[in-house]
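The block underneath contains the structure these notes are about, expressed in structure tokens.
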Amino acid sequence: MSVDSKRALVVNGKKLEVEPGATFGKAAQALGVGKIALAGRALGRSYTLDDKIPEGASEAEILTKERGGLAVLRHSASHLMASAIKRLWPEARFGTGPDTEKGFYYDVDLAHRISDEDLRKIEAEMKKIVSEDAKFERSELSREEAEKLVLSKNESFKQELIRDHAAGGETVFSFYKHSDFVDYCEGPHVPSTAWIKAVKLHDVSGSYWRGKEGNPQLQRVRGTAFFSEKDLQQHEKNIEEAKNRDHRKLGQQLDLFSFNDFAPGIPFFHPRGVTVYNELLAFLRDEYRKRGYVEVRAPLVLKVDLWHRSGHYANYRENMFFTQSEDVEMAVKPMNCPGHCLIFKERPRSYRDLPIRMAEFSPLHRNERSGTLHGLMRVRGFSQDDAHIFCREDQLEQEVLHCIAFLKKVYDTFGFKDVKVELSTRPEKSIGTKELWQKAEGALENALNKAGLNFRINAGDGAFYGPKIDFHITDALDRSWQCGTLQLDYNLPSGPEYSSQGGGGGESPASKEANSRFDLSYKGQDNQPHRPVMIHRALLGSLERMIGVLIEHWAGAFPLWLAPEQARVLPVAEAFVSYAREVEKALFDAGLRASVDDSPEKVGKRVRDAVLAKVPYVLVVGEKEAQARSVTVRARSSEKQVVLSLSSLIERARGEVARRELAPEASTTSLDAAAAPSS
RNA sequence: GCUGCUGUAGCUCAGCUGGUAGAGCACCUCCUUGGUAAGGAGGAGGUCAUGGGUUCGAGUCCCAUCAGCAGCUCCA
Numbered sequence: 004m005s006v007d008s009k010r011a012l013v014v015n016g017k018k019l020e021v022e023p024g025a026t027f028g029k030a031a032q033a034l035g036v037g038k039i040a041l042a043g044r045a046l047g048r049s050y051t052l053d054d055k056i057p058e059g060a061s062e063a064e065i066l067t068k069e070r071g072g073l074a075v076l077r078h079s080a081s082h083l084m085a086s087a088i089k090r091l092w093p094e095a096r097f098g099t100g101p102d103t104e105k106g107f108y109y110d111v112d113l114a115h116r117i118s119d120e121d122l123r124k125i126e127a128e129m130k131k132i133v134s135e136d137a138k139f140e141r142s143e144l145s146r147e148e149a150e151k152l153v154l155s156k157n158e159s160f161k162q163e164l165i166r167d168h169a170a171g172g173e174t175v176f177s178f179y180k181h182s183d184f185v186d187y188c189e190g191p192h193v194p195s196t197a198w199i200k201a202v203k204l205h206d207v208s209g210s211y212w213r214g215k216e217g218n219p220q221l222q223r224v225r226g227t228a229f230f231s232e233k234d235l236q237q238h239e240k241n242i243e244e245a246k247n248r249d250h251r252k253l254g255q256q257l258d259l260f261s262f263n264d265f266a267p268g269i270p271f272f273h274p275r276g277v278t279v280y281n282e283l284l285a286f287l288r289d290e291y292r293k294r295g296y297v298e299v300r301a302p303l304v305l306k307v308d309l310w311h312r313s314g315h316y317a318n319y320r321e322n323m324f325f326t327q328s329e330d331v332e333m334a335v336k337p338m339n340c341p342g343h344c345l346i347f348k349e350r351p352r353s354y355r356d357l358p359i360r361m362a363e364f365s366p367l368h369r370n371e372r373s374g375t376l377h378g379l380m381r382v383r384g385f386s387q388d389d390a391h392i393f394c395r396e397d398q399l400e401q402e403v404l405h406c407i408a409f410l411k412k413v414y415d416t417f418g419f420k421d422v423k424v425e426l427s428t429r430p431e432k433s434i435g436t437k438e439l440w441q442k443a444e445g446a447l448e449n450a451l452n453k454a455g456l457n458f459r460i461n462a463g464d465g466a467f468y469g470p471k472i473d474f475h476i477t478d479a480l481d482r483s484w485q486c487g488t489l490q491l492d493y494n495l496p497s498g499p500e501y502s503s504q505g506g507g508g509g510e511s512p513a514s515k516e517a518n519s520r521f522d523l524s525y526k527g528q529d530n531q532p533h534r535p536v537m538i539h540r541a542l543l544g545s546l547e548r549m550i551g552v553l554i555e556h557w558a559g560a561f562p563l564w565l566a567p568e569q570a571r572v573l574p575v576a577e578a579f580v581s582y583a584r585e586v587e588k589a590l591f592d593a594g595l596r597a598s599v600d601d602s603p604e605k606v607g608k609r610v611r612d613a614v615l616a617k618v619p620y621v622l623v624v625g626e627k628e629a630q631a632r633s634v635t636v637r638a639r640s641s642e643k644q645v646v647l648s649l650s651s652l653i654e655r656a657r658g659e660v661a662r663r664e665l666a667p668e669a670s671t672t673s674l675d676a677a678a679a680p681s682s
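According to the working numbering, the first sequence is numbered sequentially starting from 4.
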């Protein structure tokens, strides 16, 4: 083969003939994306457009603005920021600085505490470097050279990374340089700093090196970047709007709940919040009745002996509240499972009794670390829609499917579209045989597939006693919260045969008690005792967290069945207050939550108040309505007015509640259809 | 728990380099009897998170504590 013969290459999925020694830039031009090309990739590595396409590559990728560009831009912005920081504080050392979903950050080790003012200074310095139009250049070094280079710059964190990568088998260490700043980095990057025009730094916070609590804490400087100033502004605007959905803000505005210094992290639910809370409970109890659940109530405070037996004392003590009675140490329960095991044991059980689906809504208390608290999403006192299913081994899959079907019903009722499902498998520290684990994981995976759910496997993240399925929902600011959970538990039902092979945490192996859990059994068809399997499951997760999620999901505009105030009657003048009261009474008698606003304000003002309170139905009544025994309805999310007879409004609203209808728009449509011809 | 930031009326916030508190909304009273997103006038309301300290004097400066916010960590 002659040296100058062209070679075939697949670039971005298209076949291309390239000259030997051609650069990624040339390939980009040949593809017609020369102007928007940012970087190249081949053989699992990133390159600049000026780099030659590696000889051995038969495929290559050109990253462009549209093709993975934002991540490239942001990663470059993090380098740009690091270089600006280095100019301002030459002693700064760096951890890692990746792009993220919404922007980028760089972790900095610097004795000087970076303030908000400093962020502006850094931004100004970044602008300078942008105007310098500094090229990003790539180079490759051997391990020795790489370590030498980072050590010469006193970058010990980078050295640690290099050593780790070397231990992982890496032999080529790439560096990216722009201006006077060089960084150990995989890339890719934009061609030059001039690309990074729309960039903004947001905040600085602490962050442990490599995410380990014992490690030194670096300063994480966070920001974001876009290709255009317009996109950046839009992004900032979106964030502002998302903040208006924050359940903490809406919870206060809508008078749903509050927090008080006297009980940090434990919510006070106001009357309106309790209405939502109780409607959710009613929904679940309805479903429990249909699905063969039984509800129980176990004590809130139990002797520590019990928590020793359950393993909570050894594994969960840090998160428990303790108290005492006379000389007996007791604990406030953080979970329901031990109580349910005790109820199970209260009498002999037969295989005919199983499955037992035992539900409980009791409040739980967990002493969460102060920094983890977050509105209703993470609290120290809450109730789960908890249940423990005691079943036979052969009922396991069916029961898991039963739970998933239930969960789907619940999430459909709320209209959740983006639920992330994770299957967490056997962790390093685990109890039980390999076969048991494989069986359990298989059962869960099988059930997920049968249920048609897309899921991600989260290897090694299961509980030590069994694998689990978690359901995550994101909040207004895209933070992910675990809501539903489904866990297989072989631990709590176990008896004296249980040994603390790795899972026992701080338990003393000498203690026989610690080595026996609840020793649950049922009498099988064979007249022999058998061990039941326990499924621990919650669908909403905690009522508190779910209410927080729902507030953000609907921006406070609850569907009719959950709305604290379902209708507000506004008499147009004092003369019609008595008819307004009649309407209120009729609604009340129909089981609906209604009020009259007879404050001495103009109708416009009272309509505004009702809209801001997100009341689903605003009913204006005056002379016409009083005579016709009708109401003029203004449904939420529609300014359209519809005249309805009082009786047909009630009929509609009751149906909407009974079916737990979702969208306010749906009710608007049905109202339109039912609209009496207005005179 | 860690790092940083914040804490002024019920809510949202103003209060310059220290000279002992202000607005809008909400609330109350009166006027207005109003037909779909803010009618008008007046009034009341604050141990400036708490506790120390510096100072002739602290909302303002310093320290501690408490709580919240962002991120990290944690989340059986």
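The beta carbon of each residue, even a glycine, is placed where N, CA and C say it ideally should be.
The model shown is predicted, which means the values in this text are computed figures rather than measured ones.
9 Å Cβ cutoff met for residue i and residue j
i      : j      : result
GLY109 : ILE88  : Looking at the sequence provided, one finds Tyr at residue 109 rather than Gly. Against a cut-off of 9 Å, the Cβ pair of ILE88 and TYR109 comes out as a contact.
LEU480 : LEU447 : no
LEU345 : LEU309 : yes
THR51  : ALA60  : no
ARG429 : PRO470 : yes
ALA578 : GLU626 : yes
SER177 : LEU144 : yes
ALA31  : ALA40  : yes
LEU259 : ILE554 : yes
ASP186 : LYS203 : no
ALA114 : GLU94  : yes
ALA631 : VAL646 : yes
Residue i, DSSP secondary structure in three states
i      : result
MET84  : helix
ILE653 : helix
GLY71  : strand
TYR468 : coil
GLU425 : strand
ARG459 : strand
GLN569 : coil
HIS78  : helix
VAL413 : helix
TYR211 : strand
HIS192 : coil
VAL36  : coil
HIS168 : helix
HIS311 : helix
SER134 : helix
GLN237 : helix
TYR187 : strand
VAL552 : helix
ARG48  : strand
GLU363 : strand
Residue i CB to nearest heavy atom of the ligand FMN below 8 Å
i      : result
VAL307 : This structure does not include the ligand FMN; it has no bound ligands of any sort.
DSSP beta-bridge partners of residue i
i      : result
HIS377 : ARG381
PHE325 : ALA334
SER220 : Rather than Ser, the amino acid found at residue 220 in this sequence is Gln. TYR211.
GLU140 : LYS180
THR26  : LYS55
TRP484 : ILE476
SER545 : GLN387
inquiry  = Can you confirm whether the segment 215 to 235 touches the segment 532 to 545 when touching is taken to mean that 3 or more C-beta pairs between the two stretches lie within less than 8 Å?
reply    = no
task = Specify whether the segment 73 to 92 and the segment 192 to 200 touch according to this definition: at least 3 beta carbon pairs, one from each stretch, less than 8 Å apart.
result = yes
key: alpha helix (DSSP H) segments (min. 4 residues) lying fully within the segment 574 to 604   = 580 to 592
ask   = Counting pairs of beta carbons, one from the segment 485 to 501 and one from the segment 542 to 551, are three or more of them closer than 8 Å?
value = yes
query = Is there contact here, the segment 202 to 210 with the segment 119 to 137, by at least three beta-carbon pairs under 8 Å?
reply = yes
ask   = Would you call the segment 370 to 388 and the segment 546 to 563 in contact, with 3 or more CB pairs under 8 Å?
value = yes
message = Between the segment 313 to 331 and the segment 438 to 452, can you find at least three pairs of beta-carbon atoms closer than 8 Å?
response = no
query = Of all the beta strand (DSSP E) runs that stay within the bounds of the segment 240 to 299, which reach a length of 3 or more residues?
reply = 296 to 298
Touch test, the segment 386 to 394 against the segment 449 to 460, Cβ-Cβ under 8 Å, three pairs minimum = no
ask   = Are there three or more Cβ pairs, one per stretch, closer than 8 Å when the segment 291 to 298 is compared with the segment 361 to 375?
value = yes
request  = Determine contact between the segment 610 to 619 and the segment 583 to 596, defined as no fewer than three beta-carbon pairs at a distance below 8 Å.
outcome  = no
message = When you compare the segment 558 to 568 with the segment 603 to 611, are there three or more beta-carbon pairs, one atom per stretch, that lie closer than 8 Å?
response = no
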